[in-house]
Structure formats: structure tokens, C-alpha cells
Amino acid sequence: MENSYATTQKRNIQTGTMSTEEEKPKEAPTEESPSGDAEESKEDESTATFEPVVKLEEVEVKTGEEEEEAIYAIRAKLFIFGETLLDVGTGKKSWRERGVGEAKILRHKEHQKIRILMRQEKTMKIIANHAIDPRISLEPNAGSDRSWVWSAFDFAEGELVETVFAMRFGDSDIANTFKEKFLESQKEMTSLLAGEDKPGEDGGAGADEAAEALSGLKTED
-18 MENSYATTQK RNIQTGTMST EEEKPKEAPT EESPSGDAEE SKEDESTATF EPVVKLEEVE
42 VKTGEEEEEA IYAIRAKLFI FGETLLDVGT GKKSWRERGV GEAKILRHKE HQKIRILMRQ
102 EKTMKIIANH AIDPRISLEP NAGSDRSWVW SAFDFAEGEL VETVFAMRFG DSDIANTFKE
162 KFLESQKEMT SLLAGEDKPG EDGGAGADEA AEALSGLKTE D
């Protein structure tokens, strides 16, 4: 005689029914929840507003050009001739690019003195800053009709340093226009500086040495 459990299982098979434990497969984890929890998480929208703890006031930035007017401005590339950081003290000098930017000839509105100022594009770092001394001579750069070379006491780094410059322009016409404006500015400065500027104690020997460095040199594209 079959026991009651076997009789029940047999009857279930015949009728196509299952026990409660075998009725349904376990549900698969849903994509919404990494842990397999089918419950959807809802994010609460915040309506809170926040005030800054410190309010910053707008600060006016001065460039030092506020009291000057631009006589002429043109985009150019600037080179200097001298020792690199690796060659300091060796006496070895070479041309190196100082930057590209707008070269400006500026006249001070009060005392009328004129200087040339050039800032590097994007960074706005000053790469040339010197008075247009009447004694400066613009010389054509070897092998180029769109570049001028000269030496001057530059203040771009915060102290006066005798520097040999080469400035290259887009074409020869622009280069010639720059020279015209430069010479006109020198004439203005001649009357302003009359009786004020005197030759240095070295009789200009430093300027002569800088000029000799220009012989046979040229800037490269």
C-alpha cells in the first residue's frame, strides 16, 4: 500500500499541479537595481537656494597703459640675441624667439615721452618695454626685408638690461610703416630729451658691442 505522500505526488502529476514550493521560479534581478531589488529609487528634487558666504567685488585691473595713447600698433614676432639659460656665463649667444604679440608705440598723455611695449599673446606677459631713444638705430636684418634689428635698454623683466632685438612683420610694407612710425617718434623724443640724456660713462661701448653681434645674423621662420 502506497503511503499518503507518494499517493499525493502521483495524483499531482496526473492532474498537472505542483507543490507551492515548486510553483514559480525565483524572479531574476532587474536592470534598475544593481543588487537585484526590483524597487525603483526615486530622487527627491531639491528646491533649496544657497547664498554665497563671501561676495567678491569687481576689481579693476590696470595695465599701466591707462595714461598713454597708442601712436601705432601692429602684430609681430620678437626675437632677442643673447645667452640662453644653459649658456649663461659661457659667452655663447644666439637668436631665440621671445614671443608673438601686438607691438605698440605709446605716448604718455602728461609728459609726452614715448616707449615701445609688446605683450605676448594669450598670456599678456610683457616681452619688450623700452623708451624710444633717439640714439637707437633700426638696421635691416640680414636676408630679410620684413625685419628690423636694434639694441636698447629694455625693462620687460623689471630691470634695465641692454638687449638686442629683432622684430619680424607680416610683409615688407608693414615693416617699412613700423620704421616710419619709429623714426617719427624718435624726432618727438629728441626735443623732449634735449639736455636730459647724456652718453654713458663707457662712451657707448656697450651699445657698440651689441651692434657687432648683429653682423651676419638673421632670424629664422
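Residue numbers -18 to 202, in the working numbering, belong to the letters of the sequence shown in order. All C-beta atoms in this analysis are idealised placements derived from N, C-alpha and C, irrespective of residue type, glycine included. Given the structure is predicted, the values throughout are model-derived calculations rather than measurements.
Residue state for residue 171 is assigned as helix, using DSSP reduced to three classes.
Taking one beta carbon from each stretch, the region 89 to 101 and the region 124 to 131 have fewer than 3 pairs nearer than 8 angstroms; the two do not touch. If you ignore the 5 residues before and after residue 107, its C-beta comes within less than 6 angstroms of the C-beta of 100 and 137, all in its own chain and listed in chain order. In the three-state DSSP reduction, residue 165 falls in the helix class (H, G or I).
Per the C-alpha coordinates, the member of 37, 77 and 54 positioned closest to residue 155 is 54. Between residue 131 and residue 119, the gap from beta carbon to beta carbon is short of 8 angstroms.
A direct Cα-to-Cα measurement between residue 83 and residue 174 gives close to 26 angstroms. Between the beta-carbon of residue 49 and that of residue 81 there is about 22 angstroms, and that puts the pair past the 8 angstroms contact cut. In this structure, the straight-line span from the alpha carbon of residue 57 to that of residue 163 is close to 15 angstroms. Taking every protein chain shown into account, the CB of residue 109 has 16 or more other CB atoms within 10 angstroms, so this residue is buried. Boundaries of the beta strand (DSSP E) around residue 111: 107 to 112. For residue 80, the uninterrupted beta strand (DSSP E) run begins and ends at 75 to 89, by DSSP.
Taking residue 94 as reference, the option from 76, 75 and 114 with the minimal CA-CA separation is 114. With respect to residue 52, residue 153 sits apart: the two C-beta atoms are not nearer than 8 angstroms. For residue 133, the closest alpha carbon among the candidates 112, 35, 161 and 28 is that of 112.
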